[in-house]
Amino acid sequence: MTTVSRRTLLKSAAIGALGLSASTLPFRAKAADKLTIGLIYVGPRDDFGWNQAHAVGAQALRSIPGVTVVEEENVPETDAVSKTMESMIELDGASLLFPTSFGYFDPFMIEAAKKYPDVEFRHPTSLWDPKKHPMNLGGYFCYLDQGHYVNGIAAGLSTKTNKIGYIAAKPIALVLRNVNAFTTGVRKVNPNAEVRLIITGEWSLPVREAEAANALADAGCDVIACHVDSPKVIVETAEKRGVMSCGHNADQSSLAPKGFITGAELKWGTVYTAYANLLTKGEKLPNENYGGYDRDMVASTAFGPGASEPARAAALAAIEELKAGKPYFIGPIKSNTGKLISEQTIELYDPSLWGTDYLIEGVIGSIT
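Just so we're on the same page, our numbering is the position in the sequence shown counted from 1, plus 12.
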């Protein structure tokens, strides 16, 4: 398999040199034994976070004969992504695209899917709606809240101060469910522990993230977890302060050789290789594809020095329970303001998780 990286600007120039507009270039159908797949990242591929997780998944495609991967990094959530998709299709002959950032979907991927009905487009969220979106478009998602639950169990059995910090980007459902899952894990094994939450307001604010990590350390937190695009600054700051850390999205263990506990990793490679194999066989791709540990779409980073022996044992046991489908949001469930959220247990893939708009009991913080 070959991997190709290049800038859209150069490719646009090449289109112009041919004397053709992009819309007049014919789409080239691929033989079943030859497949080109494009991946587009909003940031650098080596960010120790969201983008790196996708890039690691792309590497898994290299094991499939006849597959070529084209990649573009640092593509803004503007019409720049439309140009990148267009060039991957028109010049590289891509028949499957994974534009991996949230803001790429609407309107850019929707418009591209309508323009190129013979190309498959898949986005790493649940935004696709069969009632209004093209059928060559779809979504896939790794339920990383399961990984954060495991992180919480490990953190709860590794803390000595019973004060644990959590730094979150935005108070949206996807983030809040990870905060709640982490807190549930902490409180399951250590009811005396508290989780102190700081929300930065953006996916990537390195200065603010460092300030938040320092503030939590100053408050006595001896473990810090997070949900931001790249945990690099948070994990490094925690390590400098002698504070343990839990990872998010990708493997950050090398950034904290003394205090790393474990991390919740997205296994996009499971999706990418499955889709490539389906297309090489001439089979249809699913429009929706979601899973956690049970479908090998979530993994835990190898334990670091910060993880106590009880933490390791309990975390491994929790993973096995998740693989067996055992839920962890056990009813009755209350918010940290005392509101009853649910009398019943919330199953691992309950649709209500996508509407999470509360912080669970045990979190010290607010979403406002």
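For each residue, glycine too, the CB sits at the ideal point set by N, CA and C.
In this text the structure is predicted, and so the values were computed from the model without any measurement.
DSSP bridge partner residues for residue i (one or two, in chain order)
| i | result |
| --- | --- |
| H260 | A276 |
| A180 | I211 and H239 |
| F194 | According to DSSP, which records beta bridges pairwise, F194 is partnered with nothing at all. |
| L109 | G50 and F133 |
| K175 | E206 |
| S354 | I345 |
Of the listed residues the options, nearest to residue i (C-alpha basis)
| i | options | result |
| --- | --- | --- |
| K335 | Y361, A319, S354 and Y305 | Y305 |
| I372 | E206, Y302 and K244 | E206 |
| Y116 | K175, F133, F272 and Q158 | F133 |
| Y340 | Y161, T285, L297 and A125 | Y161 |
| T380 | Q356, I184 and A327 | I184 |
| L156 | N348, L278, L352 and P298 | L278 |
| P119 | D104, V93 and P129 | V93 |
| G271 | A181, V235, K95 and K244 | V235 |
| I345 | K175, D230 and E359 | E359 |
| T196 | I210, I165 and A181 | I165 |
| R189 | C238, P146, N174 and T171 | C238 |
| D104 | T80, A125 and I122 | T80 |
| L337 | T357, C233, N348 and L209 | A quick correction: the sequence has Gly, not Leu, at residue 337. Checking every option, the nearest Cα to that of G337 belongs to T357. |
| A416 | Q158, K46 and S170 | The structure shown does not extend to residue 416, since the chain spans only 13 to 380, so no value can be given for it. |
| S75 | M309, T282 and L328 | T282 |
| V131 | W140, M121 and L139 | M121 |
| L365 | V240, D58 and I353 | I353 |
| P203 | R57, T173 and G303 | T173 |
| N63 | T48, A222, S320 and S242 | S242 |
Coarse secondary structure for residue i, derived from DSSP in three states
| i | result |
| --- | --- |
| L360 | coil |
| H66 | helix |
| I76 | coil |
| I342 | coil |
| A311 | strand |
| I101 | helix |
| F39 | Summary for F39: the model assigns pLDDT 28, below 50, so the residue's position carries little reliability, and this model does not support an answer. |
| T380 | coil |
| V93 | helix |
| E206 | strand |
| F60 | coil |
| H160 | helix |
| R118 | Here residue 118 turns out to be Asp, not Arg, going by the sequence shown. It is helical. |
| L169 | coil |
| G294 | coil |
| V283 | helix |
| L188 | helix |
| D306 | helix |
| L30 | Residue confidence for L30 is low, a pLDDT of 29 falling below 50, so the modelled location carries little weight and cannot support an answer. |
| K143 | coil |
| V255 | coil |
| S138 | coil |
Start-to-end residues for the beta strand (DSSP E) that takes in residue i
| i | result |
| --- | --- |
| G50 | L47 to I52 |
| Y383 | As displayed, the chain neither begins before 13 nor continues past 380, which places residue 383 out of reach and without an answer. |
| Y152 | L149 to C154 |
For residue i, the first and last residue of its enclosing alpha helix (DSSP H)
| i | result |
| --- | --- |
| A330 | E321 to K335 |
| I122 | I122 to K127 |
| L228 | P218 to D230 |
| Y370 | Premise fails: Y370 is in no alpha helix (DSSP H) and is neither H nor E. |
| A268 | Careful: A268 lies outside any alpha helix (DSSP H) and carries neither H nor E. |
| K252 | K244 to K252 |
Cβ separation of residue i and residue j, assumed to be a contact under 8 Å, to the nearest whole Å
| i | j | result |
| --- | --- | --- |
| E355 | G343 | 5 Å |
| V187 | G168 | 20 Å between Cβ atoms; not a contact. |
| H6 | W280 | Because the chain in this structure spans residues 13 to 380, residue 6 falls outside the shown range and cannot be described. |
| G316 | T274 | 7 Å |
| T137 | F114 | 6 Å |
| V191 | A180 | 6 Å |
| T292 | G50 | T292 to G50, Cβ: 16 Å. No contact. |
| G150 | L297 | 7 Å |
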